[in-house]
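Take the sequence shown: its letters are residues 11 to 364, numbered as in the working numbering. By construction, the Cβ of each residue, glycine as well, lies at the ideal position given by its N, Cα and C atoms. Just so it is clear, the structure is predicted and the values come from calculations on it, not from any experiment.
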Amino acid sequence: MTLQTRIHASRRSPTVLVAGGAGFIGSHLCDALLQRGSTVICLDNLFTGTADNIRPLLNHPNFRFVEHDVRDPIEIEGDIDRIYSLACPASPRHYQTDPVGTMKTCVLGSINLLELARQKRARVLQASTSEVYGDPEVHPQPESYLGSVNPIGPRACYDEGKRAAETLMFDHRRMHGTEVKVARIFNTYGPRMLENDGRVVSNFIVQALRGEPITIYGQGTQTRSFCFVDDLVRGLQLLMESPASVTGPYNLGNPHEVTIEAIAREVLACTESASPLRFEALPKDDPKRRKPVIDAAEKILGWRPRVALRDGLQATIAYFALRLAGESPPLVPAIAPRRARHPARDRLTMSDQS
């Protein structure tokens with residue numbers, strides 16, 4: 011039985027709260043949940059989320075938008091079955107703007123969403139991050155690695171905030187029996203990224219399309235593993251709908267590791283841009299290498315990324331080209347990414363009902 015079939019076979023469509031639902035990842039998750047028949051409550055304070063990301067959904071009969079900051083107590087009438095905790099600025103440019111506010115979002119936001127989950131008897135999934143590994147001394151990074159984080163550095167508000175959020179999830183489970191799931195999300199890209207968020211893919215694409223120098227921090231030899239947003243959203247749903255005993259944390263990311271310079275050159279090739287490369291100093295505590303071990307997600311969830319890097323970049327470039335031209339991008343990417351040659355088959359029959 012597929013997830014789609016199971017939903018339609020239930021007594022009512024599940025009601026899902028997506029905190030941070032107007033953001034980059036959250037808005038794609040809202041799309042996917044509505045397509046699967048869920049009723050979706052999108053909760054967002056629109057700090058880094060945008061109304062444009064969810065505008066096509068506002069007239070959907072099963073979609074509701076609530077403008078709210080998760081740092082404040084949350085009161086929602088009616089049943090809620092699932093809660094996705096995605097509300098937090100994720101790029102250094104944004105989370106360092108108000109580092110104390112970022113910590114509060116991670117800690118108070120988790121407390122408030124967990125309390126809501128306790129009241130509603132809902133299952134909650136925490137969107138954690140590969141940043142909990144810091145500048146890793148173990149490569150690639152398995153979930154068992156405890157990390158190497160500078161707790162007083164400029165990135166600590168996000169890194170330590172997410173670590174604290176994970177702690178709260180599992181303490182709440184031990185104290186109250188709350189059903190929790192934790193996903194450690196690695197670098198993700200795709201349509202609806204903010205053009206000014208300071209992250210590698212969006213920076214390079216915008217600079218290439220404008221004919222500006224491509225700014226690489228460091229020598230370009232540091233590595234990342236980039237996962238297309240559709241693949242990530244599929245992984246989040248698989249984790250959420252897995253049995254209650256499957257808590258994680260699980261790495262969700264693409265194990266294909268590439269250097270920053272290689273990404274820059276791939277963007278130049280896809281855009282046919284003549285932009286030169288410009289190298290600048292590497293920011294403090296910026297990780298040198300990052301690559302997830304996803305064996306657990308493959309074995310337990312049946313999940314593995316499907317979208318090839320070039321296909322995902324082309325879809326993202328098409329989105330930014332429209333944005334920079336002042337046009338409204340379609341709800342779905344202009345270029346449909348092709349699947350990898352040997353995609354893992356999703357195991358969507360594992361879910362039990364809470």
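| Mind checking N261: buried by the 16 CB within 10 Å criterion, or exposed? | Classification of N261: buried, given that the 10 Å Cβ count is 16 or more.
| query | Whose C-alpha, out of S23, E141, D79, is nearest the C-alpha of A100? | reply | If we check each option's Cα against that of A100, E141 comes out closest.
| field | Coil, strand or helix - I121 by DSSP | value | I121 falls in the helix class under three-state DSSP.
| query | Three-state secondary structure (DSSP) at L278? | reply | In the structure shown, L278 sits in a helix (DSSP, three-state: H, G or I).
| request: Just the C-alpha distance for P71 and V50, rounded to the nearest angstrom, thanks. | output: About 10 Å.
| field | Three-state secondary structure assigned by DSSP to I304 | value | I304 falls in the coil class under three-state DSSP.
| message | Given this structure, state the Cα-to-Cα distance separating D62 from D82, to the nearest angstrom. | response | So the alpha carbons of these two residues sit roughly 24 Å apart.
| message | Looking at chain C, is there any beta carbon in it that lies within less than 8 Å of the beta carbon of R183? | response | Of the protein chains in this structure there is only one, and it is not chain C.
| N264: buried (16+ other C-beta within 10 angstroms of its C-beta) or exposed? | Counting every other CB atom within 10 Å of its CB across the protein chains shown gives N264 a total of 16 or more, marking it as buried.
| What three-state label does DSSP hand Q151 in the structure shown? | Of the three classes helix, strand and coil, the one that applies to Q151 here is strand, per DSSP.
| request: Identify whether A318 lies in helix, strand or coil by the three-state DSSP scheme. | output: A318 falls in the coil class under three-state DSSP.
| Local conformation of D62 per DSSP, three classes | Note: D62 maps to helix in three-state DSSP.
| When DSSP labels each residue in this structure, what does T226 get in the three-state scheme? | Residue identity check: residue 226 is Ile in the sequence provided, not Thr. In the three-state DSSP reduction, I226 falls in the strand class (E or B).
| request: Taking only the alpha-carbon atoms, compute the straight-line gap between T107 and Q151 and give it to the nearest angstrom. | output: Taking the straight line from one Cα to the other gives about 28 Å.
| query | Below 8 Å between beta carbons: does that hold for I215 and F289? | reply | Judged by their CB atoms, I215 and F289 are not nearer to each other than the 8 Å cut-off.
| request: With DSSP as the reference, label N264 as helix, strand or coil. | output: Of the three classes helix, strand and coil, the one that applies to N264 here is coil, per DSSP.
| field | Selected residue, minimal CA-CA separation from A4, among I273, L118, S212, S338 | value | The structure shown does not extend to residue 4, since the chain is modelled only from 11 through 364, so no value can be given for it.
| query | Got a sec, what are the start and stop residues for the beta strand (DSSP E) F73 sits in? | reply | Run containing F73: 73–77, per the beta strand (DSSP E) assignment.
| task | Kindly indicate the opening and closing residues of the alpha helix (DSSP H) around F236. | result | Careful: F236 lies outside any alpha helix (DSSP H) and carries neither H nor E.
| task | Name, in chain order, the residues that DSSP records as bridge partners for A254. | result | Partner(s): none; A254 has no beta bridge.
| Run through DSSP, which three-state label would P343 get? | Any answer about P343 is weak, because its pLDDT of 46 lies below 50 and its placement is not dependable; what the coordinates show is given next. DSSP, reduced to helix, strand and coil, places P343 outside both helices and strands of the structure shown, so it counts as coil.
| query | Got a sec? Which residues, its chain only, sit under 8 Å from G88 by beta carbon, not counting five neighbours each side? | reply | Cβ-Cβ distances below 8 Å link G88 to T25 in the same chain, with the five nearest sequence neighbours on each side left out; the list follows chain order.
| field | Span separating the alpha-carbon of A333 from that of P109 | value | It is worth fixing the name first, because residue 333 is Arg in this sequence and not Ala. The alpha-carbon atoms of R333 and P109 are separated by roughly 29 Å.
| said: Under DSSP, the beta strand (DSSP E) around Q136 begins and ends at which residues? | reply: 133–139 is the span of the beta strand (DSSP E), which, as asked, contains Q136.
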